Amino acid sequence: MRLADSHCHLAMLEPHRAIEVLDRARSAGVCGFVVPATSLQDASSAVAAGSAHDDVWSAVGFHPHEAKDCDATALGTIRELAGGERVVAIGEIGLDYHYMHSPRDVQRDVLLGQLAVARELDLPVIVHNRESTGDLLAILTSPEVRGVRGVLHSFTEDWQVAKELLDLGLYISFSGILTFRTAETIRDAARKLPMDRVLIETDTPYLAPVPQRGKENEPAFIVHIAETLAGLWHVSLDRVAEATSANFETLFGVKIPS
Numbered sequence: 000m001r002l003a004d005s006h007c008h009l010a011m012l013e014p015h016r017a018i019e020v021l022d023r024a025r026s027a028g029v030c031g032f033v034v035p036a037t038s039l040q041d042a043s044s045a046v047a048a049g050s051a052h053d054d055v056w057s058a059v060g061f062h063p064h065e066a067k068d069c070d071a072t073a074l075g076t077i078r079e080l081a082g083g084e085r086v087v088a089i090g091e092i093g094l095d096y097h098y099m100h101s102p103r104d105v106q107r108d109v110l111l112g113q114l115a116v117a118r119e120l121d122l123p124v125i126v127h128n129r130e131s132t133g134d135l136l137a138i139l140t141s142p143e144v145r146g147v148r149g150v151l152h153s154f155t156e157d158w159q160v161a162k163e164l165l166d167l168g169l170y171i172s173f174s175g176i177l178t179f180r181t182a183e184t185i186r187d188a189a190r191k192l193p194m195d196r197v198l199i200e201t202d203t204p205y206l207a208p209v210p211q212r213g214k215e216n217e218p219a220f221i222v223h224i225a226e227t228l229a230g231l232w233h234v235s236l237d238r239v240a241e242a243t244s245a246n247f248e249t250l251f252g253v254k255i256p257s
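Put into structure tokens, the structure is as follows:
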């Protein structure tokens with residue numbers, strides 16, 4: 000069984016902790032990892048994680064919380080870092096209207112700038128969305144960015160939103176939220192999704208899945224998300240691992256080591 004964690008913030012962990020969680024994940028059958036950045040502050044660590052391991056790749060970008068710190072110079076640095084050999088996406092980018100750490104207009108402008116970088120470099124994007132679906136879909140369907148490849152990470156919406164994302168050519172990724180007792184709307188969307196458009200992720204160190212709730216999340220726990228999908232799709236765990244890992248390779252243009 001080969002599982003792939005499409006979104007784990009290993010750059011947020013102390014280096015020795017990152018090594019420990021990678022070792023545990025590999026022992027649990029996780030064979031591929033993407034480490035996204037959230038700002039320039041952790042971008043170099045994300046890139047370093049990808050450079051240090053043949054089963055780890057990185058993404059660079061400004062999370063919407065940090066959008067207020069992304070000026071033209073910072074965006075240029077993201078563009079430069081994105082040229083790295085093992086940088087496979089622009090991310091984590093998007094909109095978040097829950098905490099409002101950055102103003103909405105700033106978030107939207109920074110998202111558009113990063114989507115332009117992704118188009119320029121022909122890289123997929125890793126998109127964050129929280130309480131901002133209308134504005135996000137308006138941006139993703141706008142002529143200047145339509146056609147950008149990518150994944151909506153940690154999906155928390157309903158089937159109608161999922162269908163709109165599919166129509167845009169995007170993948171959908173499920174985090175530990177899929178396993179939560181209150182997540183029936185998300186599980187309903189997951190049941191209807193085609194297997195070839197789904198990724199899985201832990202969003203380490205956040206959102207530990209059931210039965211690991213209350214613990215710091217780590218990539219080894221991704222098996223619980225895969226098990227939940229297997230139950231929803233009425234297929235084996237091996238089939239979920241095979242499909243989601245193949246989608247990981249297709250989207251990010253990589254080959255998971257044997």
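At position 101 of the sequence shown the residue is numbered 100 (numbering that gives the first Met the number 0), and the sequence of numbers has no breaks. All residues carry an ideal CB built from backbone N, CA and C; glycine is no exception. The model shown is predicted, which means the values in this text are computed figures rather than measured ones.
- Cβ atoms of A219 and V86 stay farther apart than 8 Å, at about 24 Å.
- Per the C-alpha coordinates, the member of W56, A42 and L198 positioned closest to A73 is A42.
- E143 carries a coil assignment under DSSP once its states are collapsed to helix, strand and coil.
- The shortest CA-to-CA distance from D187 to any of Q211, V209, L177 and M11 is the one to L177.
- Around the CB of A51, fewer than 16 other CB atoms lie within 10 Å, so the residue is classed as exposed.
- Following the DSSP letters along the chain, one finds V20 inside the alpha helix (DSSP H) bounded by residues P14 to S26.
- In this chain, the alpha helix (DSSP H) harbouring E241 covers L236 to F251.
- Comparing C-alpha distances from L192 to each of A242, E13 and D134 shows the shortest one belongs to A242.
- Only residues of its own chain outside the window of five on either side were considered, and among them G60, F61, H62, P63, V109, L110, Q113, L114, V124, I125, V126 and H127 have a CB closer than 8 Å to the CB of I92, listed in chain order.
- Counting of Cβ neighbours within 10 angstroms places A45 among the buried residues, the total reaching 16 or more.
- With a 10 Å radius around the Cβ and a threshold of 16 neighbouring Cβ atoms, L120 comes out exposed.
- In the three-state scheme derived from DSSP, where H, G and I count as helix and E and B as strand, I255 is classed as coil.
- As DSSP reads the structure, P35 sits in a beta bridge with A58.
- Per DSSP, reduced to three states, the secondary structure at H127 is strand.
- For S101, the secondary structure class from DSSP, reduced to helix, strand or coil, is coil.
- Here D108 carries a helix assignment [DSSP, helix/strand/coil].
- Here the region 188 to 207 makes no contact with the region 142 to 149; the two share fewer than three CB pairs at distances below 8 Å.
- Shortest Cα-Cα distance from S5 to any of T201, I255, E183 and T181 involves T201.
- With a contact defined as Cβ atoms closer than 8 Å, F179 and V209 qualify at about 7 Å.
- The beta carbons of R129 and H97 sit about 5 Å from each other, so the pair counts as a contact at 8 Å.
- For G230, the uninterrupted alpha helix (DSSP H) run begins and ends at I221 to W232, by DSSP.
- DSSP, read as helix, strand or coil, puts S5 in coil.
- Look at L164 here: in three-state DSSP terms it is helix.
- Rounded to the nearest whole angstrom, the CA to CA distance from G90 to I221 is 20 Å.
- Y170 is bridged by DSSP to V150.
- DSSP places L206 outside both helix and strand once states are collapsed to three, so it counts as coil.
- With contacts defined as CB atoms closer than 7 Å, R78 and V116 qualify as a contacting pair.
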